[in-house]
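Presented below is the structure to which this report refers.
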Amino acid sequence: MTTRLALFFISALSVSLHAASPGEGNVKWRFDSKSHVWTSPETGIALRGSIAGFKQKSAEPYDKDGSAFGYEGKHGALTLIIERRAAGGYPGTGDCTPDVRANYLHEMHERYGKTDSERSFALTCTNASKSGRGLGTVCHFVSFPTFGGMPAYSEVGVVLIGDILFEYRYSFASAAGEAELDAFLRALGMKKV
6 MTTRLALFFI SALSVSLHAA SPGEGNVKWR FDSKSHVWTS PETGIALRGS
56 IAGFKQKSAE PYDKDGSAFG YEGKHGALTL IIERRAAGGY PGTGDCTPDV
106 RANYLHEMHE RYGKTDSERS FALTCTNASK SGRGLGTVCH FVSFPTFGGM
156 PAYSEVGVVL IGDILFEYRY SFASAAGEAE LDAFLRALGM KKV
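Reminder that position 116 of the sequence shown reads as 121 in this note's numbering, one-by-one numbering, no gaps.
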């Protein structure tokens, strides 16, 4: 199994942190069968088969744990979760992005152990008439137990757009992966500030 494929599987498994409550509405999606683009009218996010060098490997727009999309890039694997905040376990109207990010970081530290660097940042998103704000963190883990102790990076981010959480997790082996992810995020209207 290649390192990138293994990173994708680990990333995909670790990103589903919250279960949806029965009866809560799914995020709405439109699928264009000609262009193979999934569009969320509620967030303005359009997910194509290929975005900034990443290739879509999976699309589950109505999964019970939130819509899940998997992409693979040159340097690693990326998982996106798009879910309503209440379904993710964050009801209310305040900014829940610090708590969502903290939960991801807690799980990552539980699974992968120590880091020798962590850097946090703010995120903004602007798509058509939709906008949102959030937080992210990139970590360098000194040893990924799943990969025989190999060091690797993992970046998590969450943006709140209306009542929808856009969450991402990207695991990558070399520092060049961060620039690759930044290009992907910019293509979706997101940037680090």
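The beta carbon of each residue, even a glycine, is placed where N, CA and C say it ideally should be. Everything numeric in this text was worked out from a predicted model, so none of it was measured.
Secondary structure of residue i, DSSP reduced to three states
i	result
residue 184	helix
residue 115	helix
residue 192	helix
residue 103	helix
residue 67	coil
residue 173	strand
residue 156	strand
residue 95	coil
residue 198	coil
Buried versus exposed, by CB contacts within 10 Å (16 or more), residue i
i	result
residue 98	exposed
residue 67	exposed
residue 185	buried
residue 28	Confidence in residue 28 is poor, its pLDDT being 37 and thus under 50, which makes the residue's placement unreliable; the coordinate value appears in the next sentence. Answer is exposed; the Cβ neighbour count stays below 16.
residue 71	buried
residue 191	exposed
residue 80	buried
residue 93	buried
residue 194	buried
residue 179	exposed
residue 159	buried
Where the beta strand (DSSP E) containing residue i begins and where it ends
i	result
residue 89	81-89
residue 127	120-132
residue 147	135-149
residue 51	50-52
residue 32	Segment: none, residue 32 is in no beta strand (DSSP E) and carries neither H nor E.
residue 38	Per DSSP, residue 38 belongs to no beta strand (DSSP E) and is neither H nor E.
residue 72	72-77
Own chain partners of residue i with C-beta closer than 6 Å, once the 5 adjacent residues on each side are dropped
i	result
residue 44	35 and 51
residue 164	128, 130, 137, 139 and 171
residue 126	141 and 197
residue 76	59, 61 and 83
residue 53	42
residue 95	101
Residue from the options whose Cα sits closest to the Cα of residue i
i	options	result
residue 113	169, 136, 150 and 93	150
residue 55	108, 40, 46 and 47	40
residue 166	135, 179 and 144	135
residue 124	188, 183, 91 and 92	183
residue 87	168, 73, 153 and 105	73
residue 181	121, 195 and 78	78
residue 4	106, 193 and 117	Within the shown structure, residues of the chain are numbered from 6 to 198, placing residue 4 beyond reach of any answer.
residue 109	47, 64 and 176	176
residue 121	91, 46, 105 and 145	145
Chain-order list of residues whose beta-carbon lies under 8 Å from that of residue i (same chain, five-residue window excluded)
i	result
residue 133	49
residue 148	117, 118, 119, 154, 155 and 156
residue 188	57 and 58
Sequence-distant residues of the same chain with beta carbon closer than 7 Å to residue i, five excluded per side
i	result
residue 89	29, 30, 32, 168 and 169
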